[in-house]
Amino acid sequence: MYEKLGKAAQYIQSIKVTKPKVGVVLGSGLGVFVDQIEDKTIIPYSEIPYFKKTTVEGHEGRLILGKVKGVEVAVLQGRFHAYEGLPMDEVVFPVRLLSILDISTLVLTNAAGGVNLNFKPGDLVIINDHINLMGRNPLIGPNNNEMGPRFPDMTHAYNPELVSIMKEVSKSLAHVIHEGVYAGVLGPTYETPSEIKMIRILGGDMVGMSTVPEAIAANHLGLKVCGISCITNMGAGIVNQTLKHEDIKHEAMKAMNHFTALLNGSIEKFGKM
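Position 236 (the sequence shown) corresponds to 227 in our numbering; numbering is contiguous.
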């Protein structure tokens, strides 16, 4: 794994010598953020050694290197999911690659279903913790001591200082921004009404099929992690609706202005840390 990461990083540096400070993973329908990136170099995943191609609509499959508010960034436009049939090592390979490129801060974003009854579609939620309901963990198997410890601590999986900065930035925006716990499920089916009730009882505020493996791998690597969920729908049984992926992408687009403002403002402050 470490050798593969080294070869992938070497290829990227051969295209553009870069030392990004902040890495960003963009979730379903949130790719419009790349328009904010200056001095862009775009590398399709298909060209990067050992990368898979994205198979989910709304995940373009591109690595974008550039700057946001003067801060050097590496942005993953599209992610991999375990429900695509991939082993966890391949799901988190891109995040591990960003670490090899020398990022210190990782921002994870996603489109999520609302579980908290105070949320509504279009809301943004700063992630302050997660619940792993996937039944899988990217660290299962022999530990690579070059990447991190055998038993990494997850007490502050979402860095409190980063969360505080994002909350500070959110106060300047004329938009409701919440804070909550993300529940990660395997998918690809959407949850049943009873599963949504269970997640609420367990303490989850929103639910999705990503983010958790990346957060675990990033903490293992010693990165500072934070996250943003865009509520694109309410969970099954909360309102009388059926769930479709195209509707979720549509709702994500409606929140893009506020999403971009929160991400831009936060990255600017992360760059000064």
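Glycine is no exception: its CB is placed at the ideal position from the N, C-alpha and C atoms.
{"Check": "Let me know if Tyr173 comes out buried or exposed under the rule of 16 or more other beta-carbons within 10 Å of its beta-carbon.", "Outcome": "buried"}
{"Check": "In whole angstroms, what is the alpha-carbon distance linking Ala103 and Thr223?", "Outcome": "6 angstroms"}
{"Check": "One question on the structure: do Ala246 and Cys221 come within less than 7 angstroms of each other, judged by their Cβ atoms?", "Outcome": "yes"}
{"Check": "Run through DSSP, which three-state label would Val176 get?", "Outcome": "coil"}
{"Check": "Rounded to the nearest angstrom, how far is the Cβ of Leu77 from that of Gly126, given a contact under 8 angstroms?", "Outcome": "Actually they do not touch by this definition, with Cβ atoms about 15 angstroms apart."}
{"Check": "Thinking C-beta only, is Gly171 closer than 7 angstroms to Val216?", "Outcome": "no"}
{"Check": "I'd like the list of long-range same chain contacts for Phe71, defined as Cβ closer than 8 angstroms, with 5 residues on each side in sequence excluded.", "Outcome": "Lys43, Thr45, Leu77, Glu81, Val82, Phe84 and Pro85"}
{"Check": "If Glu182 and Gly226 are in contact, beta carbons under 8 angstroms, what's the gap, nearest whole angstrom?", "Outcome": "6 angstroms"}
{"Check": "Which runs of the beta strand (DSSP E) at least 3 residues long sit entirely within the region 114 to 148? Give them in chain order.", "Outcome": "115 to 123"}
{"Check": "Which residues bound the beta strand (DSSP E) around Gly61?", "Outcome": "Counting along the chain, Gly61 falls outside any beta strand (DSSP E), and DSSP gives it neither H nor E."}
{"Check": "Can you tell me which of the three DSSP states Gly256 falls into?", "Outcome": "helix"}
{"Check": "Starting from Glu29, trace the beta strand (DSSP E) in both directions and tell me its first and last residue.", "Outcome": "Glu29 to Pro35"}
{"Check": "Please list, in chain order, all residues of the same chain as Thr100 whose beta carbon is under 6 angstroms from its beta carbon, the five residues on each side excluded.", "Outcome": "Leu17, Gly18, Leu21 and Ile219"}
{"Check": "Under three-state DSSP, which class holds Asp68?", "Outcome": "Checking the sequence, you will find Gln at residue 68 rather than Asp. In this structure, Gln68 counts as strand in the three-state DSSP scheme."}
{"Check": "Bridge partners for Gly18 per DSSP, in chain order?", "Outcome": "DSSP output for Gly18 lists no bridge partner at all."}
{"Check": "Look at the alpha carbon of Leu(-4) and the alpha carbon of Asn135, and state the distance between them as a whole number of angstroms.", "Outcome": "13 angstroms"}
{"Check": "Among the residues of its own chain, which have a CB less than 6 angstroms from the CB of His166, if the five just before and after it don't count?", "Outcome": "His249"}
{"Check": "Hey, is Tyr181 close to the ligand ATP, as in C-beta under 6 angstroms from one of its heavy atoms?", "Outcome": "Of the ligands one can find in the structure shown there are none, so the ligand ATP has no counterpart to examine."}
{"Check": "Does the region 137 to 146 touch the region 195 to 213, meaning 3 or more C-beta pairs lie closer than 8 angstroms?", "Outcome": "yes"}
{"Check": "State the Cα-Cα distance for the pair Phe261 and Gly228, rounded to the nearest angstrom.", "Outcome": "38 angstroms"}
{"Check": "Go ahead and label Leu89 buried or exposed: buried means 16 or more other beta carbons lie within 10 angstroms of its beta carbon, across all protein chains shown.", "Outcome": "buried"}
{"Check": "Is Ile55 near Ile94, with beta carbons less than 7 angstroms apart?", "Outcome": "no"}
{"Check": "To the nearest angstrom, how far is it from the Cα of Asp26 to the Cα of Ile192?", "Outcome": "39 angstroms"}
{"Check": "Name the DSSP bridge partner or partners of Ala103?", "Outcome": "Ile222"}
{"Check": "Considering only C-alpha positions, which residue in the set Asn109, Pro40, Lys12 and Gly14 is nearest to Met(-8)?", "Outcome": "Pro40"}
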